[in-house]
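>
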Amino acid sequence: MLDSIRDLYQEVVFDHNRNPRNFRVMADANRTVEGYNPLCGDRITLYVKIGETGIIEDVSFQGAGCAISTASASLMTEIVRGQTEQEAEHLFNLFHRITTGQDDSLDPATLGKLAVLAGVRAYPARVKCATLPWHSLQSALKNQADTVSTE
Ligand code: ZN
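Read left to right, the sequence shown gives residues 1222 to 1372 (my numbering).
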């Protein structure tokens, strides 16, 4: 990884971990999912409020996890608010393919603000920390399980 990218990655993770955005309980959420990453011990409760037109009107989280899972959840809540379910799922698919290194032809720049988290590719043990909030979101959007585990 280029030093500049690594620096930015560390800066963003540090900032969002120290000062997570949308870190709150949402009383009027219509979907709530508990996510757990046993490899690291990350736990997250994700709250989502989906409007009648399928727009993600609000999204927030609570939980206790490592810096990467907290930063990833914080960034995710900022980015997917106002998106449609389809847009959020598309972003999740891209994010997953890029962070797990399944598709090197994808340019992390297509992730926009999330691109900085593509830096997690350099730390394979931490990929599940970064994707845990997204797996939880996907379960919420598809109205699947109330609990999600990365293992
Ligand atoms: Zn973690």
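Backbone N, C-alpha and C fix where the C-beta goes; we use that ideal spot for every residue, glycine too.
Within the same chain, show all residues whose beta-carbon is closer than 7 Å to that of M1247, passing over the 5 residues directly before and after it, in chain order.
So the qualifying residues of the chain are Y1268, K1270, D1279 and S1281.
> Between which two residues does the alpha helix (DSSP H) containing E1255 stretch?
From DSSP, E1255 is part of no alpha helix (DSSP H) but of the beta strand (DSSP E) over R1252 to N1258.
> May I ask you to report which of helix, strand or coil DSSP gives R1264?
Strand at R1264.
> Are at least three pairs of beta-carbons, each pair with one atom in the segment 1350–1360 and one in the segment 1309–1324, less than 8 Å apart?
A contact exists between the segment 1350–1360 and the segment 1309–1324.
> Alpha carbon to alpha carbon, how far is L1362 from M1297?
Rounded to the nearest angstrom, the two C-alpha atoms are 14 Å apart.
> Kindly indicate which residue of K1334, G1275, R1347 and I1277 has the alpha-carbon position closest to the one of P1259.
Nearest option by C-alpha distance: R1347.
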